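Note sheet for the following structure.
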Amino acid sequence: MIELFEKTMKIEGVTGIGPSHFALATVAAHSKLLSEICSIVGVPRKDRPWIAGQTGIETGSPKLIRRHMPGKTLPFRPEEWPDVVEQAFGICKDSHWVPCGTLIIGLPGETENDVIKTIELMDRLREYKSLIVPLFCVPIAGLKGEEWFGTEKMVAVHWELMKVCWLHNLRWLKVLAEEYLTKMPFLAKVFVMRFVNWIIKKATKSVLEYLDERIEESRRKKTEVISHAIKWRKT
55 MIELFEKTMK IEGVTGIGPS HFALATVAAH SKLLSEICSI VGVPRKDRPW IAGQTGIETG
115 SPKLIRRHMP GKTLPFRPEE WPDVVEQAFG ICKDSHWVPC GTLIIGLPGE TENDVIKTIE
175 LMDRLREYKS LIVPLFCVPI AGLKGEEWFG TEKMVAVHWE LMKVCWLHNL RWLKVLAEEY
235 LTKMPFLAKV FVMRFVNWII KKATKSVLEY LDERIEESRR KKTEVISHAI KWRKT
């Protein structure tokens, strides 16, 4: 990996390179790798304060990791996955890397407890500069033949996870925008940041209201189902 970056940077005309994706288990297993890459590409600097790349968190549930993607955790065990993710995020923070993480909602066999474990992992990642996006499970490759997952199958904890991700991204979006725009002329930066702040303020109220409504609606439906089940048992 180091040799690849070194040789690429020596190619005439190349002024900068970066990854599209990276693996969290690799980062946790090789703690110096990211800082070595930064040294090669000259990060941090004013016009490039960090390196960003997409990475798959997928879930905070060791059970789901073991069932669907045990190789993702190597050289660690699936049971260690939440710790591996947090350790890798910590290394990213120290090495001027920004993870753009993805989560998968609706993996086959997922229970509410699995989603809660993902929410708990999100709480552990709160202090690490990053963006984290939840995605619906798409049944392809090894999951071909499984049912598609959509909003109609979401329960309260799914909506709560959506809310946690939204709040996490709000926490870091402004910081990342300010750092990314450092290279811009002062007045242009001020204008763009005002627009960013306006979008954040405008969208946040509507999004949070929508998510809270979905959470309450899902809880109400669950209560109604439980009430009907209890009534049925008594008859």
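Numbering (the numbering used here), first residue to last: 55 to 289.
Glycine residues also receive a C-beta, built at the ideal position from the N, C-alpha and C atoms.
This one's a predicted model, so the numbers in the text were calculated from it and none came from an experiment.
Could you check if residue i is buried or exposed, using at least 16 other CB atoms within 10 Å of its CB as the buried criterion?
| i | result |
| --- | --- |
| TYR182 | buried |
| ILE145 | buried |
| ILE253 | exposed |
| HIS75 | exposed |
| ARG99 | exposed |
| THR277 | exposed |
| ASP42 | Nothing can be reported for residue 42, as the shown portion of the chain is limited to 55 through 289. |
| LEU175 | buried |
| PHE143 | buried |
Leaving out the 5 sequence neighbours to the left and right, which residues in its chain are closer than 6 Å to residue i when beta-carbon positions are compared?
| i | result |
| --- | --- |
| VAL139 | LEU78 and ILE111 |
Would you report the Cα separation of residue i and residue j, rounded to the nearest angstrom?
| i | j | result |
| --- | --- | --- |
| HIS212 | THR69 | 42 Å |
| GLY204 | ILE94 | 43 Å |
| LYS275 | SER85 | 46 Å |
| GLU164 | ALA83 | 28 Å |
| LYS126 | THR80 | 9 Å |
| LEU265 | ILE173 | 15 Å |
| PRO193 | PRO239 | 46 Å |
| ILE71 | GLU60 | 10 Å |
| LEU179 | ILE105 | 18 Å |
| MET216 | GLY107 | 21 Å |
| ALA231 | LEU262 | 21 Å |
| MET123 | PRO129 | 13 Å |
| LEU118 | LEU241 | 49 Å |
Among the options, whose alpha-carbon lies nearest the alpha-carbon of residue i?
| i | options | result |
| --- | --- | --- |
| ILE170 | PRO124, ARG102 and GLU214 | GLU214 |
| PRO132 | THR113, SER149, PHE143 and LYS147 | THR113 |
| GLU57 | GLU90, SER74, THR80 and LYS147 | GLU90 |
| PRO162 | ASP101, PRO116 and GLU200 | GLU200 |
| LYS259 | LEU241, TRP220, LEU179 and MET63 | TRP220 |
| LEU197 | GLU270, GLN108 and ARG121 | ARG121 |
| THR109 | SER115, ALA142 and PRO153 | PRO153 |
| THR156 | HIS222, ASN251 and ILE186 | ILE186 |
| HIS222 | ASP177, TRP151 and GLU134 | ASP177 |
Here's a check: name, in chain order, each residue in its chain whose Cβ is nearer than 7 Å to the Cβ of residue i, leaving out the five neighbours to either side.
| i | result |
| --- | --- |
| GLY160 | PHE190, CYS191, PHE203 and LYS207 |
| ILE284 | Unreliable placement is indicated for ILE284, whose pLDDT of 44 sits below 50; no coordinate value is reported for it. |
| PRO188 | LEU157, ILE159, LEU215, MET216 and CYS219 |
Give a yes or no on whether the C-beta atoms belonging to residue i and residue j are separated by under 8 Å.
| i | j | result |
| --- | --- | --- |
| GLU166 | VAL218 | no |
| CYS92 | SER184 | no |
| LYS228 | LEU235 | no |
| GLU233 | PRO136 | no |
| MET55 | LEU87 | yes |
| ASP101 | LYS256 | no |
To which residues of the same chain is residue i closer than 8 Å at the C-beta, ignoring the five residues directly before and after it?
| i | result |
| --- | --- |
| LEU224 | ILE254 and THR258 |
| VAL250 | LEU227, LYS228 and ALA231 |
| ILE269 | ALA210, TRP213, GLU214 and LYS217 |
| THR62 | VAL68 and ILE71 |
Is there a Cβ from chain B that is less than 8 Å from the Cβ of residue i?
| i | result |
| --- | --- |
| LEU88 | Judged by its chain identifiers, the structure shown contains no chain B, having just a single protein chain. |
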